[in-house]
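This report concerns only the one structure given below.
2 protein chains.
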Amino acid sequence: MMREGVDAVTMRSVASACGVTPMAIYSYYDSSAEMRRAGVDFSLRRVRTPPFEGSVVSRLQHWGHATRKVLRRRPDLAAICLTDWPELPEGCRVMEGLLVVAAEHTAESAGQVQIANTVFVYVLTRVIAERAMVERRTRPNLPAVAATPRRFARLVDVQSEFKRLDVDRDFATGLDALLDGLLR
Amino acid sequence: MMREGVDAVTMRSVASACGVTPMAIYSYYDSSAEMRRAGVDFSLRRVRTPPFEGSVVSRLQHWGHATRKVLRRRPDLAAICLTDWPELPEGCRVMEGLLVVAAEHTAESAGQVQIANTVFVYVLTRVIAERAMVERRTRPNLPAVAATPRRFARLVDVQSEFKRLDVDRDFATGLDALLDGLLR
DNA sequence: ACCTGAACACCGTTCAAGT
DNA sequence: ACCTGAACACCGTTCAAGT
Chain A
14 MMREGVDAVT
24 MRSVASACGV
34 TPMAIYSYYD
44 SSAEMRRAGV
54 DFSLRRVRTP
64 PFEGSVVSRL
74 QHWGHATRKV
84 LRRRPDLAAI
94 CLTDWPELPE
104 GCRVMEGLLV
114 VAAEHTAESA
124 GQVQIANTVF
134 VYVLTRVIAE
144 RAMVERRTRP
154 NLPAVAATPR
164 RFARLVDVQS
174 EFKRLDVDRD
184 FATGLDALLD
194 GLLR
Chain B
14 MMREGVDAVT
24 MRSVASACGV
34 TPMAIYSYYD
44 SSAEMRRAGV
54 DFSLRRVRTP
64 PFEGSVVSRL
74 QHWGHATRKV
84 LRRRPDLAAI
94 CLTDWPELPE
104 GCRVMEGLLV
114 VAAEHTAESA
124 GQVQIANTVF
134 VYVLTRVIAE
144 RAMVERRTRP
154 NLPAVAATPR
164 RFARLVDVQS
174 EFKRLDVDRD
184 FATGLDALLD
194 GLLR
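Heads up: the protein sequence lines correspond to chains A and B, in order.
Quick note, the first sequence lines up with residues 14 to 197 if you use our numbering.
Quick note, the second sequence lines up with residues 14 to 197 if you use our numbering.
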C-alpha cells in the first residue's frame with residue numbers, strides 16, 4: 014500500500030520518528046488532521062508573496078509561475094491548501110499578498126477577493142490537474158478503449174495526443190487569459 | 014473519524030453490506046482502489062454526453078453546466094475522475110463525447126485534445142474548488158488572522174467577502190472566457 | 001472459480017495512570 | 001503539562017485452507 018507525501022505523516026510515523034509514543038503528540042495537536050496541517054503550513058513557507066514591482070498583471074503572472082514551480086513537486090500540498098488555507102497561517106500570508114496586489118487594481122473589496130481568490134485557485138487546481146496528466150503519461154492506458162475500440166472512435170484516433178499535452182504552455186496561456194478577463 | 018463519500022466504500026464495509034467476508038471481494042477486484050474505481054464508474058453514468066444540436070460553444074457550455082450540476086454533490090468523485098478517467102469506461106465515454114464536439118471545430122487531433130481536455134479539467138477542478146469554498150463558508154474562520162490581525166490588514170478588511178463569493182456566476186464567466194479563448 | 005478464517009501490519013483515538 | 005501503556009475500532013492485504 015505504501016503511503017506517500019503528506020499521507021505518510023501519520024500520528025504513529027512521526028511519533029516513532031521522534032522516539033515517542035503516538036499519544037504524546039496529542040499534547041501538541043488535537044488530531045492527526047491538525048498535525049498534518051502544521052506540516053503543510055511549514056512547507057508553504059517556500060511560497061513567496063508577489064513581487065513589489067511591475068504592473069498588477071505582471072506581478073500576478075510572476076507569482077503564478079513561481080508558485081506553480083514550488084507546488085509542482087508536492088501536488089498533495091496544493092490539494093490541502095485549496096481547502097485549508099484559511100486555517101494555515103502561511104496560507105493567510107499568501108492570500109494577504111495577493112490581496113495587496115489586487116487592491117492596486119480596484120478599491121472594491123469584492124473585486125479584490127475575486128481577483129486574489131481566482132488566481133490562487135487557478136494555480137492550485139492547475140497543479141493538481143497537471144499531476145494527474147503527468148501520471149497519465151507513465152501509465153499503460155485506456156483499457157476500456159482497448160477492449161471495445163468501436164465505441165471510442167475519436168479517442169482511438171487522438172489517444173497518443175494526451176501524452177503530448179504541453180502543461181507548461183497550457184498553464185501560461187490559461188493564466189494570461191484569466192488575468193485578461195479578470196482585469197479587463 | 015467517520016469516513017464519507019467514496020472513502021466510506023472500503024473492502025470491509027462493502028463486504029459486510031454484501032453479507033460476505035472481506036476476502037471474497039478479491040475474487041472480483043484486485044485491490045480496494047480498483048473496487049472504488051468501479052463504484053465511481055457506476056456513478057459517472059449520470060454524466061451525459063454533450064447535446065447534439067447547437068454551435069460548438071453552446072454544446073460545450075451546456076455540457077459544462079449539466080456536468081457541474083451532477084458532480085457538485087459528489088466532489089470526491091470529481092477528484093478521482095480527474096486522475097482516473099482513462100481507467101474508467103464511463104470516463105472514456107464522456108471524453109469521447111467531448112472529442113466528437115471538438116472535432117467539429119478543428120480537424121487537427123492536437124487541437125481536439127486540447128479543447129476536450131481543457132473543458133473536462135475545468136469543470137472537474139471547479140467542482141473540487143467550489144466544494145472547498147462552500148465548506149469554508151460553514152467554518153469558523155481564519156484563526157491566524159484573529160490571532161495577529163496586524164499581519165493581515167487586507168484580509169481583515171475583506172474577510173466577509175469570501176463567504177459571499179458567487180460560485181455559480183464565477184463558474185459561468187470562467188467557462189465562457191475559457192471557451193472564448195480556446196475557440197477564438 | 002469463489003469463499004472462509006486466522007493472521008499481519010498498519011491507522012486514529014480513548015481511557016486510566018504515571019511524573 | 002507532558003508522557004506511557006493497554007485497549008478499541010478501524011483499515012488493506014497475505015496465506016493456507018475449504019467447496
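Beta carbons: idealized from backbone N, C-alpha and C, even for Gly.
Expressed to the nearest angstrom, what Euclidean distance is found between the alpha-carbon atoms of B/Q127 and B/I141?
-> Within the second sequence, numbered from 1, the residue matching residue 127 of chain B stands at position 114. Within the second sequence, numbered from 1, the residue matching residue 141 of chain B stands at position 128. Going by the C-alpha atoms only, they are around 21 Å apart.
Is the CB-CB distance between B/E174 and A/A123 below 8 Å?
-> Against the second sequence, residue 174 of chain B aligns to sequence position 161. Against the first sequence, residue 123 of chain A aligns to sequence position 110. Yes, the pair counts as a contact, with Cβ atoms nearer than the cut-off.
Could you tell me which of A/M48, A/P63, A/T131 sits nearest to A/D193, measuring between CA atoms?
-> Residue mapping note: residue 193 of chain A aligns to position 180 of the first sequence, counting from 1. For the residues A/M48, A/P63, A/T131, the minimum Cα distance to A/D193 belongs to A/T131.
How would you list, in chain order, the residues of chain A whose beta-carbon sits under 9 Å from the beta-carbon of B/E47?
-> Position 34 of the second sequence, counted from the first residue, corresponds to residue 47 of chain B. Here the premise fails: no neighbours, minimum Cβ distance about 11 Å.
Would you mind sorting B/A115 into buried or exposed? The rule is 16 or more other CB atoms within 10 Å of its CB.
-> As a working note, residue 115 of chain B is residue 102 in the second sequence. The residue is buried, with at least 16 neighbouring Cβ atoms inside 10 Å.
Residue burial classification, B/E66 (beta-carbon count within 10 angstroms, cutoff 16) | The count along the second sequence starts at 1 and reaches residue 66 of chain B at position 53. Within 10 angstroms of the beta-carbon of B/E66 lie fewer than 16 other beta-carbons, which makes it exposed.
Checking contacts by CB at 8 Å: is A/R167 closer than that to chain B?
-> Taking the first sequence and counting its residues from 1, one reaches residue 167 of chain A at position 154. Judged by the 8 Å Cβ criterion, A/R167 is in contact with chain B.
Interface partners of A/P102 on chain B, CB under 7 Å | Taking the first residue of the first sequence as 1, we reach residue 102 of chain A at position 89. Those within 7 Å of A/P102 in chain B are A157.
Length-filtered (4 minimum) alpha helix (DSSP H) runs lying within the region 44-80 of chain A | 45-56
In chain order, what residues of the same chain have a beta carbon less than 7 Å from the beta carbon of B/L73, not counting five sequence neighbours either side?
-> Against the second sequence, residue 73 of chain B aligns to sequence position 60. Result list for B/L73: P63, V114, V132, L192, in chain order.
Interface flag, A/V134 vs chain B, CB-CB below 8 Å = The residue labelled residue 134 of chain A in the question sits at position 121 within the first sequence. Judged by the 8 Å Cβ criterion, A/V134 is in contact with chain B.
Touching by the beta-carbon criterion (3+ pairs, under 8 Å), the region 149-169 of chain B and the region 38-55 of chain B = Contact fails: fewer than three Cβ-Cβ distances are below 8 Å.
Measure from the C-beta of A/F65 to each C-beta in chain B and report whether the shortest distance is under 8 Å.
-> Here residue 65 of chain A refers to the residue found at position 52 when the first sequence is read from its first residue. Judged by the 8 Å Cβ criterion, A/F65 is not in contact with chain B.
Pick from A/V169, A/L168, A/E100: whose alpha carbon is nearest that of A/G52?
-> The residue given as residue 52 of chain A occupies position 39 in the first sequence. Per the C-alpha coordinates, the member of A/V169, A/L168, A/E100 positioned closest to A/G52 is A/E100.
Step through the CB atoms of chain B and report whether any lies within less than 8 Å of the CB of A/Q74.
-> Looking up residue 74 of chain A in the first sequence gives position 61. No, A/Q74 lies away from the interface with chain B (no Cβ there is under 8 Å from its Cβ).
Beta carbon of B/A79 nearer than 8 Å to that of B/R61 = Counting from 1 along the second sequence, the entry for residue 79 of chain B is found at position 66. Counting from 1 along the second sequence, the entry for residue 61 of chain B is found at position 48. Yes, the Cβ-Cβ distance between B/A79 and B/R61 is below 8 Å.
So B/R37 is in the alpha helix (DSSP H); what residue range does that whole segment cover?
-> Sequence index remark: in the second sequence, residue 37 of chain B carries index 24 (1-based). Inspection of the sequence shows that residue 37 of chain B is occupied by Ala rather than by Arg. No alpha helix (DSSP H) contains B/A37, which DSSP labels as neither H nor E.
Rounded Cβ spacing between B/E103 and B/R58 (contact assumed at less than 8 Å) = For the purposes of this step, residue 103 of chain B is identified with residue 90 of the second sequence, where counting begins at 1. For the purposes of this step, residue 58 of chain B is identified with residue 45 of the second sequence, where counting begins at 1. Between B/R58 and B/E103 the Cβ distance is about 6 Å, and since that is below 8 Å, they are a contact.
How is the alpha helix (DSSP H) around A/T96 delimited, first residue to last?
-> The residue you call residue 96 of chain A lines up with position 83 of the first sequence. Counting along the chain, the unbroken alpha helix (DSSP H) around A/T96 starts and ends at 88-97.
State yes or no: is the beta carbon of A/M108 nearer than 8 Å to at least one beta carbon in chain B?
-> Position 95 of the first sequence, counted from the start, is the residue given in the question as residue 108 of chain A. The Cβ of A/M108 sits closer than 8 Å to at least one Cβ of chain B.
Check whether the Cβ of B/F184 lies closer than 8 Å to any Cβ atom in chain A.
-> The residue you call residue 184 of chain B lines up with position 171 of the second sequence. With 8 Å as the cut-off, B/F184 does not count as an interface residue toward chain A.
Measure the CB-CB distance between A/L168 and B/M108 and report whether it falls below 8 Å.
-> Counting from 1 along the first sequence, the entry for residue 168 of chain A is found at position 155. Counting from 1 along the second sequence, the entry for residue 108 of chain B is found at position 95. A contact, by the Cβ cut-off of 8 Å.
Does A/I12 come within less than 8 Å of chain B when only Cβ atoms are used?
-> Beyond the ends of chain A as shown, which are 14 and 197, falls residue 12 of chain A; an answer cannot be given.
Beta-carbon separation (whole angstroms), B/V136 vs B/G187, contact threshold 8 Å | By 1-based counting over the second sequence, the position of residue 136 of chain B is 123. By 1-based counting over the second sequence, the position of residue 187 of chain B is 174. Cβ atoms of B/V136 and B/G187 stay farther apart than 8 Å, at about 10 Å.
So, does the CB of A/D170 fall closer than 8 Å to a CB anywhere in chain B?
-> In the first sequence, residue 170 of chain A corresponds to position 157, counting from 1. Cβ-Cβ to chain B under 8 Å: yes for A/D170.
Which first and last residues belong to the alpha helix (DSSP H) in which A/Y135 is found?
-> Here residue 135 of chain A is taken as the residue at index 122 of the first sequence, counted from 1. Element bounds for A/Y135: 122-151.
Check each candidate in A/P156, A/A157, A/R144, A/Q172 and name the one with the smallest Cα separation from A/R206.
-> This structure cannot settle anything about residue 206 of chain A, because the visible part of chain A is limited to 14 through 197.
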